[in-house]
Amino acid sequence: MKRDVIIACDFASREATLAFLDKFTDVKPFVKIGMELYYAEGPEIVREIKRRGHKIFLDLKLHDIPNTVKKAMAVLRNLDVDVTNLHAAGTTAMMQAAIEGLTREDGTRPLLIAVTQLTSTDQEAMERDLLIKEPIDEVVMHYAETAKNAGLDGVVCSPLEAGKVHDRCGQQFLTITPGVRFADGDVGDQKRVMTPAAAREIGSDMIVVGRPITAAEDPVAAYKRCVSEFVGE
Ligand code: C5P
1 MKRDVIIACD FASREATLAF LDKFTDVKPF VKIGMELYYA EGPEIVREIK RRGHKIFLDL
61 KLHDIPNTVK KAMAVLRNLD VDVTNLHAAG TTAMMQAAIE GLTREDGTRP LLIAVTQLTS
121 TDQEAMERDL LIKEPIDEVV MHYAETAKNA GLDGVVCSPL EAGKVHDRCG QQFLTITPGV
181 RFADGDVGDQ KRVMTPAAAR EIGSDMIVVG RPITAAEDPV AAYKRCVSEF VGE
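Below, the structure is given as structure tokens:
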């Protein structure tokens, strides 16, 4: 999949989301729909945004027993999204079951991406609450490799990890990275950020950008700036 900017549509309702997307008249950005919007509006919001011609990353981060994830993925495959995801912590059996569920009768399927350790989890919390004693960087790389071996297409990771993930898992293994900010923009609550140009240089395949675009005075201009810095178009 070619390098692209994905807008995180972190809105609470259909109305707010569509009002935002209405601003885009000459371009159809790739959008990410997360739990908040999906749980508020259900699958119809996905169908509606798809009908409008956008590519969709459905960010629901599934994590359950293999059979349940397989059946849930079989439902999601009918929504015709382009990318969806799960937690690598569900283990190889769950990831393989997810691929089975997601694969359509004609053999095609949306791209499937793994979350490794959430960026909100730090070394201390991982050791204390999850009883994982290895260095967190190593845990992230191990989860990425496990996801690759299970047949997944990539991981969601910090842009700071993207280069290392490619070294371990190959250039074809996708890295989708949030935590992107313009050099002259607000950092907000993100701790480790990178500009779109730096994310490109370090090897991110796709960046997920929320507030620098959604909260901008001119979201379309902010999106185009992001594309120009990241994709170079
Ligand atoms: O507004 P902002 O650009 O910070 O939004 C980033 C998006 O990426 C949000 O939807 C956030 O939930 C998501 N995300 C993240 N860090 C992760 C995984 C997902 O910021 N580790």
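Each step along the sequence shown adds one to the number in this note's numbering, with nothing skipped, and position 123 is 123. The C-beta atom is built at its ideal place from N, Cα and C for all residues, glycine as well. From a predicted model like this one, the values you see are computed outputs, not experimental measurements.
*Skipping 5 residues on each side, what residues in its chain have a beta carbon closer than 8 Å to that of alanine 72?*
Closer than 8 Å at the Cβ level, and outside the excluded window around alanine 72, lie Leu62, Asp64, Gly101.
*What span of residues does the alpha helix (DSSP H) with aspartate 59 cover, start to end?*
That residue, aspartate 59, is in no alpha helix (DSSP H); its beta strand (DSSP E) goes 56-62.
*Helix, strand or coil: how does DSSP classify lysine 71 here?*
Reduced to three states, the DSSP call for lysine 71 is helix.
*Where the alpha helix (DSSP H) containing threonine 234 begins and where it ends*: In this structure the chain extends from 1 to 233, so residue 234 is not present and cannot be described.
*The alpha helix (DSSP H) spanning alanine 114 covers which residue range?*
No alpha helix (DSSP H) contains alanine 114, which is instead part of the beta strand (DSSP E) from 111-115.
_So within the segment 172-200, which uninterrupted beta strand (DSSP E) runs reach at least 3 residues, ignoring any that extend past its ends?_
Within the segment 172-200, the complete beta strand (DSSP E) segments at least 3 residues long are 174-177, listed from N- to C-terminus.
_Considering Cα atoms alone, identify which of Val27, Lys55, Asp10, Ile56 is closest to methionine 35._
Selection Val27, Lys55, Asp10, Ile56 evaluated against methionine 35 yields Asp10 as nearest (Cα-Cα).
*Got a sec, what are the start and stop residues for the beta strand (DSSP E) asparagine 85 sits in?*
Residues 83-87.
*Does ligand 1 have even one heavy atom less than 7 Å from the beta-carbon of leucine 112?*
No, Cβ of leucine 112 sits at least 7 Å from all heavy atoms of ligand 1.
*Whole angstroms is fine: what's the gap from lysine 70's alpha carbon to arginine 77's?*
Taking the straight line from one Cα to the other gives about 10 Å.
*The alpha helix (DSSP H) with aspartate 4 in it runs from where to where?*
For aspartate 4, there is no enclosing alpha helix (DSSP H); the residue is found in the beta strand (DSSP E) stretching over 4-8.
*To which residues of the same chain is histidine 54 closer than 6 Å at the C-beta, ignoring the five residues directly before and after it?*
Here the set comprises Lys28, Val31.
_Limits of the alpha helix (DSSP H) - the one that glycine 163 falls within_ = Its alpha helix (DSSP H) spans residues 159-169.
*Have a look at methionine 206 and alanine 114 and give me their C-alpha separation to the nearest angstrom.*
Spanning the alpha carbons of methionine 206 and alanine 114 requires a straight line of approximately 14 Å.
*Exposed or buried, what is valine 156 when buried is set at 16 or more other beta-carbons lying within 10 Å of its beta-carbon?*
Valine 156 is buried by the Cβ-count criterion.
_Pairwise C-alpha distance: proline 66 and alanine 98_ = Between alanine 98 and proline 66, the alpha-carbon positions lie close to 7 Å from each other.
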